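Sequential numbering of the sequence shown, starting at 1, is according to full-length UniProt numbering.
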Amino acid sequence: MKKIFDFGVEIEFYLKIALTCSLMQQLFYWLLHNRELSFIAQVVLYWLVSSVSFHGIGFIIEKGIKRNAALKEKLSVRVKKVKQQTFPALTVKAFMMGEAKGFAMAFIVIALVPEVNRGNSFLPNFGWFLMSIISVDLFFYICHSMFHRIKFLRKFHLKHHQFADTSSFVAGHKSMTEFIVTNVADLMVIFVFGYDITQLCAWTVIGNAYNLEGHSSLSLFFISSDFHDLHHTCYKGNYGVQGFWDKVFNTLNTPTKKPGLMFPMAALEHKIMKPIKKSLESKYDAKTN
């Protein structure tokens, strides 16, 4: 039964990504479908959406939610404790370098990838995003595991692993090589099948949201466990976005699920499995006594 619930949590994550991306795409379609956007306008739009969503969501988590001690404790999923670290302050130079890399990536994507208009039909978009997140999770798993297992590549990943005590913005703390590889993995489906600017913007916002949450040590909406937290703590296993591909390839470092209103599968598992566990413990105590 536990395996069924584990699978349910992973599928729930994929469905959340597909659903929120589809809803976000509807918003961008409503804003943009009557506008003819030039090449440079699309580059600037894609870059701005990526930058504003990354910094905006990150600041909400770090400067808003985490400053409320009771809320932080309620949402925290970190079980394995680590020594707290001081994170580097955001400097003007670092900010400008990050934005330059983001703009360059936006320029390359819009320049190289063919544009495809996929419209705003909800179900086809939902199917597209569902296929995309499952595929991207696999691509990311392959690239990420290579960064850990291949000695030559490992040095490019060490910058990201300077921090065992994670915060949201650690998601963007990468070497240039890792930045390129992970962005290509994230956009692999778009490189193959072409981009729709409304889908691309929606994918960027939601991708930033689950990436920042995954590095925050909190469970907010997408991540119901300390899955990526354990990766930073242990430096091995949990190479995917979520646990599905790690389970397939036997690299899963079992996370601790945190049930709640936003995580129905984890909440249902907790509700069903807790009484069963107590019953088994009671029977075991009765036998031993």
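The beta-carbon is built from N, C-alpha and C at its ideal position, and this holds for glycine as well. Please read all numbers here as calculations on a predicted model, not as lab measurements.
Asked: Minimum C-alpha distance to K80 - residue among M131, H228, A104, L37; Found: H228
Asked: First through last residue of the alpha helix (DSSP H) which encompasses N183; Found: 176 to 186
Asked: Alpha carbon of F122 to alpha carbon of S22, nearest angstrom; Found: 7 Å
Asked: Continuous beta strand (DSSP E) assignments of at least 3 residues falling wholly in the UniProt domain "Fatty acid hydroxylase" (130 to 251); Found: none
Asked: Buried or exposed (CB count within 10 angstroms, at least 16 for buried), L280; Found: In this prediction, L280 scores a pLDDT of 49, lower than 50, which makes its location untrustworthy; the coordinate-derived value is nonetheless stated afterwards. Exposed.
Asked: Top-ranked residue by Cα proximity to Y46, from E12, T204, S38; Found: T204
Asked: Within 9 Å, strictly: CB atoms of K271 and N253; Found: no
Asked: Cβ-based burial, V241 [other Cβ within 10 Å; buried from 16]; Found: buried
Asked: DSSP three-state assignment for G260, whether helix, strand or coil; Found: strand
Asked: Pair within 9 Å by beta-carbon distance, L212 and I61; Found: yes
Asked: Alpha-carbon to alpha-carbon, G56 and T233; Found: 26 Å
Asked: Euclidean distance between Cα positions of D6 and V181; Found: 29 Å
Asked: Opposing strand residues paired with E10 [DSSP bridges]; Found: DSSP output for E10 lists no bridge partner at all.
Asked: Per-residue DSSP class, three states only, for E115; Found: strand
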